[in-house]
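If you want my numbering, it's the position in the sequence shown, counting the first as 1, plus 638. Read the structure below first, then the notes.
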Amino acid sequence: MAGRFGRGPLLASLLVFGLFALGMDRPVAPLENPIFCGHWRVRETFDLLLADPREEPTRIAGEFLRQATRAWTEVRQAGKRRPANGTATAEAIPDPAGWLRETLQQREFVPEDVSFYLRTATEFALVVTGTVDPPRWRDLFPPAMVLPRDQGFAVLLPGARPDTRLALHFRPGVIFLTPAEIEGNLADALREGSSRLGERFRTFRAMVQRNPLLAIEADLQAVAATLAEAGGPDLRLSPPLSQVVTFRLLVDQGVVKGQWFTPDDSIRADLADLADSVAAGMREAIASLTPWLPADSATRDALRGFGASLQVSTRGQSVFFEAGSLGPAHPLAGLGALGLLSSLGGQSYERFRRQFPPANARAALPPPPPGQESRTP
639 MAGRFGRGPL
649 LASLLVFGLF
659 ALGMDRPVAP
669 LENPIFCGHW
679 RVRETFDLLL
689 ADPREEPTRI
699 AGEFLRQATR
709 AWTEVRQAGK
719 RRPANGTATA
729 EAIPDPAGWL
739 RETLQQREFV
749 PEDVSFYLRT
759 ATEFALVVTG
769 TVDPPRWRDL
779 FPPAMVLPRD
789 QGFAVLLPGA
799 RPDTRLALHF
809 RPGVIFLTPA
819 EIEGNLADAL
829 REGSSRLGER
839 FRTFRAMVQR
849 NPLLAIEADL
859 QAVAATLAEA
869 GGPDLRLSPP
879 LSQVVTFRLL
889 VDQGVVKGQW
899 FTPDDSIRAD
909 LADLADSVAA
919 GMREAIASLT
929 PWLPADSATR
939 DALRGFGASL
949 QVSTRGQSVF
959 FEAGSLGPAH
969 PLAGLGALGL
979 LSSLGGQSYE
989 RFRRQFPPAN
999 ARAALPPPPP
1009 GQESRTP
């Protein structure tokens, strides 16, 4: 099982995107004055995936996740040079739900919430909460990489910039990823279990108190400047998004609502066009994924109804993106997000495993499933 675990793309995503502690006030924000705040509740989605795989809802959820991973992989490959062995197909995508089920059972881990806070290019926190028992994760890493901490351990990783290193920190109930220079500060903040968000983010705090699937608030002007500082064309945020002073997004069972606020009248029409494109893209995604649901499924009908309810409007200095209740389709929003992370995480984790192989990994790794041979040199 340890070998198969090493090839699970959804674990890669969890290790890349971090974790948020049980029993704390919500939201716990370990950084003061961030420019991006994000909170994602994952427990219900994982409960659906980790149930008995012989039950129809679990099998449907697993297939939906596989198809979502395939769809996101093809979206990301669009416009890129085609690999020598062709683009990914449904048959070439592994069973992410199966990998995930095996992984989390082995680690005795059930995730609760995922959060992300960004202040500068070198100050951020990606945090996941759940039933984290640090000793059950230690064997993932070579002993020389493991640094003892008061309630667990940390692992130092290469950073996105040459002058930074990242700390992946494991403590009871929490895993977090952050620049090594502020690891101790964030451990203290999470230990205190209180939010450091100021009055500016009272709306974000109110959104999180609704216990939503997803809540985001960001100053996209500041985010664009930070990404430009970090460098790299893939990190740039272009107009009209780079001119948005406040972006908010709330997704819960009762409502989906996004807001782009800017005092710049000249770009508001462009924002409305962008919001229309987002709505059209969501309708296309729904059309491509609903055939994998049973024809008489209430979830299928709810998902189609959700797509039909999407609308864009401009009021005052904001553009709004709104839709009605997801209803029975609510868990599928979380599965779609996991599909995106799965499509992003697999190759990153493969590179990590090659660079820092656990001492016993080489002998334990079985041959990859058909169609899953590594495509990276």
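Every residue, glycine too, gets a C-beta built ideally from N, C-alpha and C. Computed from a predicted structure; not experimentally measured.
Residue i versus residue j - alpha carbon distance
| i | j | result |
| --- | --- | --- |
| W678 | W775 | 23 Å |
| E821 | R921 | 41 Å |
| Y755 | F959 | 23 Å |
| W898 | V883 | 8 Å |
| F944 | E701 | 21 Å |
| Q891 | A782 | 46 Å |
| Q847 | A866 | 33 Å |
| H807 | F762 | 14 Å |
| P901 | G954 | 9 Å |
| E694 | L686 | 11 Å |
| V680 | T816 | 21 Å |
| A862 | R692 | 46 Å |
| E830 | R942 | 44 Å |
| A925 | L931 | 11 Å |
| M790 | A917 | The question names Met, but residue 790 in the sequence shown is Gly. Straight-line Cα distance between these residues: approximately 44 Å. |
| G977 | A913 | 22 Å |
| A868 | D690 | 44 Å |
| V770 | E670 | 25 Å |
| T696 | R938 | 15 Å |
| D777 | P877 | 45 Å |
| A780 | A792 | Residue identity differs from the one stated: residue 780 is Pro in this sequence, not Ala. Near 12 Å, if we compare the C-alpha coordinates of A792 and P780. |
Top-ranked residue by Cα proximity to residue i, from the options
| i | options | result |
| --- | --- | --- |
| V766 | E750, M783, L778, P966 | E750 |
| E855 | N849, F842, R834, T683 | F842 |
| L879 | V889, V893, D908, R704 | D908 |
| Q881 | G965, A971, S956, L686 | S956 |
| V748 | A918, L835, R809, L688 | L688 |
| L738 | R829, L828, L703 | L703 |
| D903 | T952, V793, R840, A866 | T952 |
| L764 | R942, G676, N671, V680 | G676 |
| M845 | E819, G896, A862 | G896 |
| V752 | T760, G768, P668 | G768 |
| F885 | F839, F779, A923 | F839 |
| P668 | V793, A818, D826, T711 | D826 |
| T760 | A792, A818, F779, T711 | A818 |
Exposure of residue i, with buried meaning 16 or more beta-carbon neighbours within 10 Å
| i | result |
| --- | --- |
| L785 | exposed |
| S833 | buried |
| D857 | buried |
| A933 | exposed |
| P850 | buried |
| R906 | buried |
| S915 | exposed |
| Q744 | exposed |
| G836 | exposed |
| G919 | exposed |
| P734 | buried |
| R708 | buried |
| P929 | exposed |
| Y987 | Note on Y987: pLDDT 48, under 50, position unreliable in the model; the coordinate value appears next. The residue in question, Y987, is buried, as its Cβ has 16 or more Cβ neighbours within 10 Å. |
| P772 | buried |
Supposed contact pair residue j and residue i - C-beta distance, whole angstroms, cut 8 Å
| i | j | result |
| --- | --- | --- |
| L852 | L875 | Their Cβ separation, rounded to whole angstroms, is 19 Å, which puts L852 and L875 out of contact at 8 Å. |
| G974 | A706 | 5 Å |
| F604 | L804 | A query on residue 604 cannot be resolved here, the shown segment of the chain reaching from 639 to 1015 and no further. |
Test item: CB-CB of residue i and residue j under 8 Å
| i | j | result |
| --- | --- | --- |
| L964 | A936 | no |
| V812 | L828 | yes |
| A967 | S947 | no |
| V889 | A971 | yes |
| R757 | R787 | no |
| P969 | T683 | yes |
| T864 | I673 | yes |
| D950 | A923 | A small correction: the amino acid at residue 950 is Val; Asp does not occupy that position in the sequence shown. Contact flag unset, no. |
Contact with chain B by residue i, beta-carbon distance below 8 Å
| i | result |
| --- | --- |
| F958 | Protein chains in the displayed structure number just one, and chain B is not present. |
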